[in-house]
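Report on the structure given below.
2 protein chains.
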Amino acid sequence: MGKFCFGVDIGGTSVKMGMFSEDGSLIKKWEIKTSKETALEDVAASVKEHLTDEYPAENCAGIGIDVPGPVVSGGIVLECVNLGWSRTDVKGEMERLCGLPTFVGNDADVAALGEMWQGGGKGYANQVMITLGTGVGGGVILGGKILDGSNGAGGEIGHMVVNYEETDVCGCGKRGCLEQYASATGIVRLARKAIEAGAETCLKNDETLSAKAVLDAAKAGDPLGLKVLDQLGWYLAVACANIAQVVDPQIFVIGGGVSAAGTVIIDAIEKYYDTYVMHSLKGKPFILATLGNDAGIYGCAGMVFSD
Amino acid sequence: MGKFCFGVDIGGTSVKMGMFSEDGSLIKKWEIKTSKETALEDVAASVKEHLTDEYPAENCAGIGIDVPGPVVSGGIVLECVNLGWSRTDVKGEMERLCGLPTFVGNDADVAALGEMWQGGGKGYANQVMITLGTGVGGGVILGGKILDGSNGAGGEIGHMVVNYEETDVCGCGKRGCLEQYASATGIVRLARKAIEAGAETCLKNDETLSAKAVLDAAKAGDPLGLKVLDQLGWYLAVACANIAQVVDPQIFVIGGGVSAAGTVIIDAIEKYYDTYVMHSLKGKPFILATLGNDAGIYGCAGMVFSD
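These protein sequence lines are chains A and B, in that order.
Heads up: the first sequence is residues 1 to 307, going by my numbering.
Heads up: the second sequence is residues 1 to 307, going by my numbering.
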């Protein structure tokens, strides 16, 4: 039989786990609860339970793990605020616990690798993924590998500054970050501001305003929804334009919960992107991610098999 | 004896050439005139003249060539406006003419590699160089290699948009590019605008205003000079901040004729850089380039020896 591996996506509340064969097919997936104190021991125990006669350790190519924090080469996690971790040698610890080669990455970077390996970006070795979720994450893939950067901050696209006039403060302490406009939180913030300023909208009495409601309103032709979608597109376009001027990827992949709105997001970005790039960078494809919440475990497996 | 190689920096008016030993020392350098029609044949003839009993072809590791235009992998030059070239297989042509392995790069990218190999950025495999000359060029080096990008537009930092309100048009056809503020031309433009607006300055009657004159005035405490230097620093800082958010280099190297002004340029950038990056990217070193006009030939040699 061929090789297989484990993909382990460690989040703040649950750990998503999967077993993959070398051709990229998902053999099995499951979840365990995240314990901040014993996460790695719990993962190791779950890995061992899944080593069977059918899937023996000697056929296992390794374990890929992603975490919500900066990772530097050598598999060292610098910190994970959500997990309460300080500097942790995740690679060393997992290899000690399981005796299997372990590969470690940042969650947004690894999701990008997953989309490259088996998702919307399949077939493109050079791509940039932007994950529009509660925040905005990013991953830069060059030559089929994650660009982690010297401080584990490669692809931290959500904190590119796109508005030098912003007065509100981003979660990172700066002002005018892409995340303040293009995340689910940012979309709600833009909508609330417009409502407070008296904009005409069907959302006026929506107490629990969500990004989905705003984008659904846009699709239904609501003027405020359309305005926020247009702003979202502009901010993403100028960020992607400046990214293209630096790394010139083959494609951009747009994922995360907000991207579930579909092609309206792509259209909103493409409306402005060409205005802000030089000639040879115009017309770069923007593609929707396809793996959803499984991008992490796919990317973890991709790290193992692309080594 | 050890290996040696040729470094060939093709510019619009002259071709700079050098012979280097593997340890990075320059054995000899010379120039030939650029002929748009016969540039590659002329270079090949000059290379062959320098193959001697002391430096025989069998000890030559190859030829590195840079050109002022976009280059994609495989050594294909997409175009060189200054040379009147359309798509040209520079690698194939030189290998046919000389029978030596040839490596081809964009001039700004290769200058960055030169500074990494033997200049201001020596010892850092991950760095971004910004060349402040007539225009603004850039080169991104990751893992010791040039990031050329899928259209040869990797590191085209001069055309990142840093001012969304600009009304003047950049040479590239866009508005608000870094080059409009941080090049020699851009510095003169900013100074002229301020003078027209009535700014107080010793440069008021300087008919042939140069970037050097503006920066010298700043060093002497001239209010307009200081204002332009401050603007230059801000624009470079916001561009470098967004670059750092994407590729997280170890250092930035600042070169080109404008950087001859020295540490005042570094100070002007560092004044604003930290404001626009997330915590883990603050305090990145900005370093002056040291190779001057030889950065190109050094980088060409670096391409050969880093292969």
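Heads up, the beta-carbon is just placed ideally off N, CA and C, and yes, glycines get one too.
From a predicted model like this one, the values you see are computed outputs, not experimental measurements.
Item: Taking C-beta to C-beta, are B/I141 and B/L113 nearer than 8 Å?; Value: yes
Item: Of all Cβ atoms in chain A, is any one closer than 8 Å to the Cβ of B/S46?; Value: no
Item: Need the endpoints of the beta strand (DSSP E) that A/D66 sits in, please.; Value: 60-67
Item: If the cut is a Cβ gap below 7 Å, which residues of chain A does B/E156 touch?; Value: Q245, M278
Item: Would B/A268 pass as a contact of B/L229 if the rule is Cβ separation under 8 Å?; Value: yes
Item: Do B/V136 and B/A182 have their C-beta atoms within less than 8 Å of each other?; Value: yes
Item: What is the rounded straight-line gap between the Cα of B/M94 and the Cα of B/S150?; Value: 23 Å
Item: Taking just the CA atoms, how far does B/W234 sit from A/Y164?; Value: 11 Å
Item: Short of 7 Å in beta carbon distance, which residues of its chain neighbour B/G119, apart from the five on each side in sequence? Order them along the chain.; Value: A289, T290, L291, A295, Y298
Item: How would you write the range of the alpha helix (DSSP H) that B/D230 sits in, first residue to last?; Value: 223-247
Item: Along the chain, where does the beta strand (DSSP E) containing A/G114 start, and where does it finish?; Value: That residue, A/G114, is in no beta strand (DSSP E); its alpha helix (DSSP H) goes 107-118.
Item: Assuming contact is defined by CB atoms lying nearer than 8 Å, are A/G11 and A/F20 in contact in what I supplied?; Value: no
Item: Against B/A241, what residues of chain A qualify as contacts under a CB-to-CB distance less than 7 Å, listed in chain order?; Value: V161
Item: B/V128 bridges to which residues according to DSSP?; Value: B/V140, B/F252
Item: Please report whether the beta-carbon of A/K174 lies at a distance below 8 Å from any beta-carbon of chain B.; Value: yes
Item: So if DSSP puts A/D267 in a beta bridge, which residue, or which two residues, is it bridged to?; Value: Beta-bridge pairing links A/D267 to no other residue.
Item: A/N59 and A/F4 look like a contact to me (Cβ under 8 Å); what is the Cβ gap, rounded to whole Å?; Value: 6 Å
Item: According to DSSP, simplified to helix, strand and coil, what is A/E31?; Value: strand
Item: Kindly indicate if chain B contains any beta-carbon less than 8 Å away from that of A/N151.; Value: yes
Item: Give the interface partners of A/D248 over in chain B, defined as CB-CB distance under 7 Å, in chain order.; Value: G149, S150, N151, A153, G154
Item: Ignoring anything shorter than 4 residues, give me the alpha helix (DSSP H) runs that lie fully in the region 180-230 of chain B, in order along the chain.; Value: 184-196, 211-219
Item: What whole-angstrom Cβ distance do B/L178 and B/V162 have, given they're in contact under 8 Å?; Value: 5 Å
Item: If we define contact as Cβ-Cβ less than 8 Å, is A/N106 a contact residue for chain B?; Value: no
Item: Note down, in chain order, every chain B residue with its Cβ under 8 Å from the Cβ of A/N126.; Value: G149, S150
Item: Are the C-beta of B/P285 and some C-beta of chain A separated by less than 8 Å?; Value: no
Item: Show which residues of chain B have a CB atom less than 8 Å away from the CB atom of A/P70.; Value: S280
Item: Beta-carbon separation of A/I254 and A/G121 under 8 Å?; Value: no
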